[in-house]
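Q: Please find one structure pasted underneath; my questions will follow.
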């Protein structure tokens, strides 16, 4: 017969000793991985070192990761200080880098990538298991600790792979900064251009209103027939409709700028300059811009680190493809039981039995169906695909920077042509037509046609000046990264579709006579 029993002091000491052996085994497995894993920790700036460098050198701006109340208050105070004065292209970019929440979210995504990188550099986590079974007369306790030997041995190879993957994410964050800065600058020029067009059309409408009133008065005296009066009134009405359309576009462009800057509440009452900046006295040189783009472009740097990461992964899969899992561990087993046997005196003799065993375990999984062929083949194709994408980016970067420079240089010439030739000639034509009309040498139709042409030329001159500054922004983006159009920052982009560097609606095509 057997009967239940409780643990005595000897059993406790045996359990404590086995627990100490298990802890020593776990510590041994962890200690083996420490020299392999090195010591990689979190960076002080959350991985934003490259982004800080590009913002300081390429944009001459600052970026702030708003991760606590102190940083949030500091960024808000600096943005408020910039918004007290009329915005400039540079201050608009700085406000966007401080206030745009989508950019802050991309910084948080980078923090997640850094956490994954640090986790990838750690040794494999030991797995500890404990089981206890017992019946009426027996007790069995089994403990084990195991870790992946494959992960431990390949740790020195996996660390550079994870590092290159994280570096790629860092330069992807750089691209987000540059895209936001470029689109904020473009949208600033679009908004100021819309304001300038509205101001000009308001002046033109006031002049047309005076002419329409004068036509009515002349008609009452019989000096102007009804046909010429109707033409003058129609011109005034058409110009009023065009001004209404320009005001709608003005509000739309301002709202797009507000979204890019990340403003709300009283912040949206910021002021803008009355007109676009004057043309620069000296143009950017077009020499060596292709080589500079290949060296500095953030998207090319991202593709390079992704390629290096995949190259390392391909080599690792070639080595470990044949064996998927190789776990080693330490285990021990403790058994205790009592047995009661009858003796000659009519009682029972108690027999106590204890046993303790220890050993090691190995779990090996071999892919017997493909011997790692699918893993290696997939890694090879991913590597080759990344290599082709990197080559494509290099080819496209050279082409994009040449295209951007041609737009920049051509738009400068177009704007200079409008300001130096077209607008002075239009003013001379209108002045002479007005003199001839006053001398009754021409009728009102000719005067209206000339006025329409001058309005059209002035609107086109404003849009050409806007497009030059957008082309200048595109050229900078083509050299250091950021692309030709921003996306994903607070709403839809105005786009870059029709004219060199410009985009969105154009007032010139809908202006009376245009």
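Residue numbers (this note's numbering): 11 to 524.
Where is the CB? At the ideal position from N, CA and C, for every residue including glycine.
Quick caveat, the model's predicted, so the values are computed rather than measured.
Exposed or buried, which one is residue 274 when buried takes at least 16 other CB atoms within 10 Å?
A: Exposed, since its Cβ has fewer than 16 Cβ neighbours within 10 Å.
Q: Please check the pair residue 396 and residue 316, which I expect to be a contact at CB under 8 angstroms, by giving their CB distance rounded to whole angstroms.
A: Going by Cβ atoms, the distance from residue 396 to residue 316 rounds to 6 angstroms, so yes, they are a contact pair.
Q: Residue 4 to residue 229, Cα distance in whole Å?
A: Nothing can be reported for residue 4, as the shown portion of the chain is limited to 11 through 524.
Q: Quick one: measure Cβ to Cβ for residue 489 and residue 306, integer angstroms, because I've assumed they're closer than 8 angstroms.
A: Confirmed, about 6 angstroms.
Q: Beta carbon of residue 133, beta carbon of residue 179: below 9 angstroms?
A: No, these two residues do not count as a Cβ contact at 9 angstroms.
Q: Locate the alpha helix (DSSP H) running through residue 213, then write down its first and last residues.
A: Per DSSP, residue 213 belongs to the alpha helix (DSSP H) from 165-231.
Q: Comparing the CB of residue 221 with every heavy atom of the ligand ATP, is any distance shorter than 8 angstroms?
A: Among the ligands in the structure shown, none appear at all, so the ligand ATP cannot be discussed.
Q: How about residue 370 and residue 347: do their beta carbons lie closer than 9 angstroms?
A: Not in contact: residue 370 and residue 347 (Cβ atoms no closer than 9 angstroms).
Q: Just grab the DSSP bridge partners of residue 342 for me.
A: Per DSSP, 153, 368.
Q: Once the 5 residues before and after residue 456 are set aside, which same chain residues still bring their CB inside 7 angstroms of it?
A: 443, listed in sequence order.
Q: What did DSSP end up calling residue 8 once you bin it into helix, strand or coil?
A: Lying before the first or after the last residue shown, residue 8 is absent from the chain, which here runs from 11 to 524.
Q: At 4 residues or longer, and completely inside the region 404-481: list those alpha helix (DSSP H) runs for me, N to C.
A: 433-448, all fully within the region 404-481.
Q: Below 8 angstroms, can you find three or more Cβ-Cβ pairs linking the region 215-230 to the region 276-285?
A: Touching, no.
Q: DSSP puts residue 359 in a beta bridge; with which residues?
A: Answer is 351, bridged to residue 359.
Q: Note the first and the last residue of the continuous alpha helix (DSSP H) segment covering residue 100.
A: Per DSSP, residue 100 belongs to the alpha helix (DSSP H) from 99-109.
Q: How about residue 242 and residue 465: do their beta carbons lie closer than 9 angstroms?
A: Contact flag unset, no.
Q: Would the region 51-65 count as touching the region 111-126 if we require 3 or more Cβ pairs under 8 angstroms?
A: Result yes; three or more Cβ-Cβ pairs closer than 8 angstroms.
Q: Are the region 466-481 and the region 162-178 touching, with three or more C-beta to C-beta distances below 8 angstroms?
A: As far as the Cβ criterion goes, the region 466-481 does not touch the region 162-178, which means the pair count is below three.
Q: Under the three-state reduction of DSSP, which class applies to residue 94: helix, strand or coil?
A: Coil at residue 94, not helix or strand.
Q: Is residue 490 helix, strand or coil when you go by DSSP?
A: In this structure, residue 490 counts as helix in the three-state DSSP scheme.
Q: Would you grab the beta carbon distance between residue 181 and residue 311 for me? Rounded to a whole angstrom, and I think it's under 8 angstroms.
A: Right, their Cβ atoms sit about 4 angstroms apart.
Q: From the DSSP output, in three-state form, read off residue 140 for me.
A: Residue 140: strand per DSSP, three-state reduction.
Q: Start and end of the alpha helix (DSSP H) containing residue 245?
A: It spans 236-271 - the alpha helix (DSSP H) in which residue 245 sits, taken as one unbroken run.
Q: Are the region 402-416 and the region 291-300 touching, with three or more C-beta to C-beta distances below 8 angstroms?
A: Taking 8 angstroms as the limit for Cβ pairs, the verdict is that the region 291-300 does touch the region 402-416.
Q: Between the beta-carbon of residue 268 and the beta-carbon of residue 187, is there less than 9 angstroms?
A: No, these two residues do not count as a Cβ contact at 9 angstroms.
Q: Anyone know if the C-beta pair for residue 50 and residue 131 falls short of 9 angstroms?
A: Yes.
Q: Using C-beta distances below 6 angstroms, list every residue in its chain close to residue 368, excluding the 5 sequence neighbours before and after it, in chain order.
A: Around residue 368: 342.
Q: For residue 86 versus residue 108, is the C-beta distance shorter than 9 angstroms?
A: Contact flag set, yes.
Q: Is residue 131 helix, strand or coil when you go by DSSP?
A: Coil, per DSSP.
Q: Taking the CB atoms as reference points, tell me whether residue 208 and residue 256 lie closer together than 9 angstroms.
A: Cβ distance < 9 angstroms, so residue 208 and residue 256 count as in contact.
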